[in-house]
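These notes concern the structure reproduced below.
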Amino acid sequence: MENTIEEPKVKTEFDGFGDDLFSIIPGIEHAGEVPVVNASELTKEIFYKNWVSYNKPCLVKGAVKNWPAVQKFKDPDYWLSVCDDFEIKIFPHMNHIDRERLLKDSEDISFHDAIKRLHRNEDYIFSIPAETITEDNKFSKLIKEIPGFSFLSSTIKPRGFAHRRFFMYRRASTAWHHHLIDETLMCQINGTKKVVLLPPDMPNVKKVTEFFIEELNLSGKTLDNIDLKPIIACVEEGDALYIPPYWHHAVIPVDGEVGFTYAHCWKSPLHKFGDFSNYFVRRFYFGGLWPIKGISLVMPVLGVCSGISFGFRKMVNVFK
């Protein structure tokens, strides 16, 4: 397919914007590495037993390297040919957690104009975050280019998040955040990202979580003298990073090229909601129970079932 998008005459050099998200973490210079596994050696049973069940992240090398999307999504004409020209919101800054910050200076433009603008490198930072892909929406034609995983059934649906989301960007980092529900595979279809993750059993977990939610680093506040035990992954094109619930993480691109990230979500095993000593589990139930809403009626039942599942699993592990 011929590229009809004219390249800019002067490229903007990437200076590593976003490193400040990592530098606020005490001891980041001594961060460990996320364990690495090869997709060719990973079965569904091993992935669940060694990683998902224990809520431990891993970097799956080559997880999506053979997807048609890896080549097709780089081509702006592909997007212009398979997607209608609807209105979409774009952002000239990193992906903030605070919605007011996120919406600042955002623009509503046509999708085709957004694709052209992204590939022309007109903006130093450009972000189209968290667009949903379904079988019957405006991005449905993308599904055939992302055919699934050898180590995970693509039919397992999530409880809270969308099953399929994508992020299209240039130089756009993502602020510290965590997921209270559902498992996530962050698939790097184009471009390379670095991700730092923090374990759920960190000290001062409530203080750290509130720090990230309020993005207090933007007002000059710090997290000095807290041993957060960070680990880091470099997610290259064709790789997928398994991000379990309750792990705080931040994401930065390592270059100034057009990037495309696909987030694949599926429901967590019940036992992950049954450890009531876990701060994030308690937060999950509190958020579901209050203020009172439809799901509030389900939360006690989920708590009982999850508690039994967690207790049974713990007992089995004791007698192994």
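Numbering of the sequence shown is given in the UniProt record's numbering, commencing with residue 1 and proceeding in unit increments. Backbone N, C-alpha and C fix where the C-beta goes; we use that ideal spot for every residue, glycine too.
Can you tell me which residues form a DSSP beta bridge with S127? Taking the sequence shown and counting its residues from 1, one reaches residue 127 at position 127. Per DSSP, F91 and Y169.
Does the stretch 191-206 come within contact of the stretch 247-261, defined as at least 3 CB pairs closer than 8 Å? yes
Hey, how far is the Cα of S306 from the Cα of P300? Indexing the sequence shown from 1 puts residue 306 at position 306. Indexing the sequence shown from 1 puts residue 300 at position 300. Computed Cα separation, rounded: 10 Å.
Between the C-alpha atoms of F260 and Y279, what's the straight-line distance to the nearest angstrom? As a first step, residue 260 is located in the sequence shown; it is residue number 260 there, counting from the start. As a first step, residue 279 is located in the sequence shown; it is residue number 279 there, counting from the start. Distance between the alpha carbons of F260 and Y279: 33 Å.
Could you tell me which whole beta strand (DSSP E) segments of length 3 or greater appear in the stretch 30-61? 36-38 and 58-61
Counting pairs of Cβ atoms below 8 Å between the stretch 69-77 and the stretch 38-47, do you hit three or more? no
Within 8 Å, do at least three Cβ pairs link the stretch 279-293 to the stretch 225-238? no
Cβ-Cβ distance between I125 and R171 below 7 Å: As a position in the sequence shown, residue 125 is number 125, starting the count at 1. As a position in the sequence shown, residue 171 is number 171, starting the count at 1. In this structure, R171 lies closer than 7 Å to I125 by Cβ.
In whole angstroms, give me the CA-to-CA distance for N38 and G294. On the sequence shown, residue 38 is found 38 positions in, with the first residue counted as 1. On the sequence shown, residue 294 is found 294 positions in, with the first residue counted as 1. Cα to Cα, N38 sits roughly 42 Å from G294.
For M315, name the three-state secondary structure that DSSP assigns. For the purposes of this step, residue 315 is taken as residue 315 along the sequence shown, with counting starting at 1. Residue state, collapsed to three classes: helix.
Measure the beta-carbon distance from N225 to P26 and round it to whole angstroms, keeping in mind my assumption that it falls under 8 Å. Locating residue 225 in the sequence shown gives position 225, counting from the first residue. Locating residue 26 in the sequence shown gives position 26, counting from the first residue. Their Cβ separation, rounded to whole angstroms, is 6 Å, which keeps N225 and P26 in contact under 8 Å.
Contacts around L297, its chain only, beta-carbon distance under 7 Å, and the 5 residues preceding and following it disregarded: Stepping through the sequence shown from its first residue, residue 297 is reached at position 297. Cβ neighbours of L297 beyond the five flanking positions: none.
Thinking C-alpha only, which one of M94, H271 and H179 is nearest D123? Taking the sequence shown and counting its residues from 1, one reaches residue 123 at position 123. Comparing Cα-Cα distances from D123 to each of M94, H271 and H179, the minimum goes to M94.
Compute the distance between the beta-carbons of Y242 and P57, then report whether it is under 7 Å. On the sequence shown, residue 242 is found 242 positions in, with the first residue counted as 1. On the sequence shown, residue 57 is found 57 positions in, with the first residue counted as 1. In contact: Y242 and P57 (Cβ atoms closer than 7 Å).
Pick out whichever of W266, F86, R99 and V64 has its Cα sitting closest to the Cα of residue 321. With the chain covering 1 to 320 only, the question about residue 321 has no answer from this structure.
Is the distance from the Cβ of E210 to the Cβ of S268 below 7 Å? If you number the sequence shown from 1, residue 210 lands on position 210. If you number the sequence shown from 1, residue 268 lands on position 268. In this structure, S268 does not lie closer than 7 Å to E210 by Cβ.
Quick check on T209: does DSSP put it in helix, strand or coil? Along the sequence shown, read from residue 1 onward, the residue named residue 209 stands at position 209. The answer is helix: DSSP assigns T209 an H, G or I state.
Going by DSSP, what residues sit across from V251 in a beta bridge? Here residue 251 refers to the residue found at position 251 when the sequence shown is read from its first residue. According to DSSP, which records beta bridges pairwise, V251 is partnered with T174 and V195.
Along the chain, where does the alpha helix (DSSP H) that runs through E100 open and close? Residue 100 sits at position 100 when you count from the first residue of the sequence shown. Residues R99 to L103.
Over the uninterrupted alpha helix (DSSP H) stretch that includes A114, give me the two end residues. Numbered from 1 along the sequence shown, position 114 holds the residue referred to as residue 114. F111 to H119 is the span of the alpha helix (DSSP H), which, as asked, contains A114.
Secondary structure of Y242, DSSP reduced to three states: One-based indexing of the sequence shown puts residue 242 at position 242. Strand.
Does any heavy atom of the ligand GDP sit closer than 6 Å to the C-beta of W290? The ligand GDP is absent from the structure shown, which contains no ligand whatsoever.
What residue from A233, V36, I24 and K138 has the CA that sits closest to W79's CA? For the purposes of this step, residue 79 is taken as the residue at position 79 of the sequence shown. When only C-alpha atoms are compared, the closest one is K138.
Skipping 5 residues on each side, what residues in its chain have a beta carbon closer than 6 Å to that of G62? Counting from one through the sequence shown, the residue named residue 62 turns up at place 62. Taken in chain order, the residues that qualify are A39 and G238.
Just verifying my parser: in three-state terms, what is the DSSP assignment at F22? By 1-based counting over the sequence shown, the position of residue 22 is 22. Looking at F22 - three-state DSSP - the assignment turns out to be helix.
With a 10 Å radius around its C-beta and 16 neighbouring C-beta atoms as the bar for buried, classify L218 as buried or exposed. Position 218 of the sequence shown, counting from 1, holds the residue named residue 218. By the neighbour-count rule (16 or more Cβ atoms within 10 Å), L218 is not buried but exposed.
Taking the alpha-carbon positions, what's the R120 to H112 distance? Position 120 of the sequence shown, counted from the start, is the residue given in the question as residue 120. Position 112 of the sequence shown, counted from the start, is the residue given in the question as residue 112. Looking at the two C-alpha atoms, the distance is approximately 12 Å.
Return the first residue and the last residue of the beta strand (DSSP E) that L185 is part of. Taking the sequence shown and counting its residues from 1, the one referred to as residue 185 is at position 185. Unbroken beta strand (DSSP E) run through L185: E183 to N190.
Report yes if the C-beta distance between S153 and L21 is below 7 Å; otherwise report no. By one-based count along the sequence shown, residue 153 stands at place 153. By one-based count along the sequence shown, residue 21 stands at place 21. No, they are not a contact pair.
CB contact flag (V235, Q188, <7 Å): The residue given as residue 235 occupies position 235 in the sequence shown. The residue given as residue 188 occupies position 188 in the sequence shown. Cβ atoms of V235 and Q188: closer than 7 Å.
Classify K144: buried if its beta carbon has 16 or more other beta carbons within 10 angstroms, exposed otherwise. Locating residue 144 in the sequence shown gives position 144, counting from the first residue. So K144 ends up on the exposed side.
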